[in-house]
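Here the sequence shown is numbered in the numbering used here, starting from 40 and rising by one per residue. Note that CB positions come from ideal geometry on N, CA and C, so glycine has one too. Keep in mind it's a predicted model, so treat the numbers as computed, not measured.
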Amino acid sequence: MAKDTPCGTFNMEGVTFEMGDFMYDILNNISESIMIVDREFKITYANETLLSVLGMDNKDVIGSCCYKITHGLDDICSPPDHKCPIAEFYESGKSERFIHKHQDAAGKHFYTEVTAYPIKDVRDEVVGFVHISRDLSSDVIRTIQNLKKIDEAGGEVKELKDKIKKAGL
């Protein structure tokens, strides 16, 4: 059954790509934030998850640079705070994962794992990237809780050692 909504097209390096209903549905039902970015870091597609997290519409995002939309920066993400997976691909030829601190529509900061995978044309040349962000908030919270437990356990161990020492054992 055909959808009433347009499935979308995007342009990279002068090539227009059409996204069929099937692919459109897949990308918009994935819980990770996904955007397609051209070689100049301009967003050519954003899935519903990304738009929802950012509290933006397609008109606010398409054509804007990814670093401006996700970090409010005027230039590409850079170390030490935000290593860019696209810039890293250009340097190493490999897709890498990095942890970034992003901000949602309400202004709340959260941690996300970012990865970028190249999109190649028929000549095997990179024309853009699929940029995926996975929210790590629950992982970070769980890690902090575990570190607190370890710290508390360390304090208890120290107390036991002190008691043993005082007892002369």
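Which two residues bound the contiguous alpha helix (DSSP H) that contains Lys107?
-> 105 to 110
In angstroms with no decimal places, state the Cα-to-Cα distance between Cys123 and Ile115.
-> 7 Å
Beta-carbon proximity check, Thr109 vs His141, cutoff 8 Å | yes
Give the single residue among Asp120, Gly132, Ile158 whose Cα lies nearest to the Cα of Glu152.
-> Asp120
Pair within 8 Å by beta-carbon distance, Val92 and Ala144 = yes
Could I get the ranges of all uninterrupted beta strand (DSSP E) runs contained in the segment 131 to 206, with 3 residues as the minimum, in chain order?
-> 136 to 142, 148 to 159, 165 to 174
Residue nearest to Tyr129 in terms of C-alpha spacing, selected from Leu208, Glu87, Glu79 | Glu79
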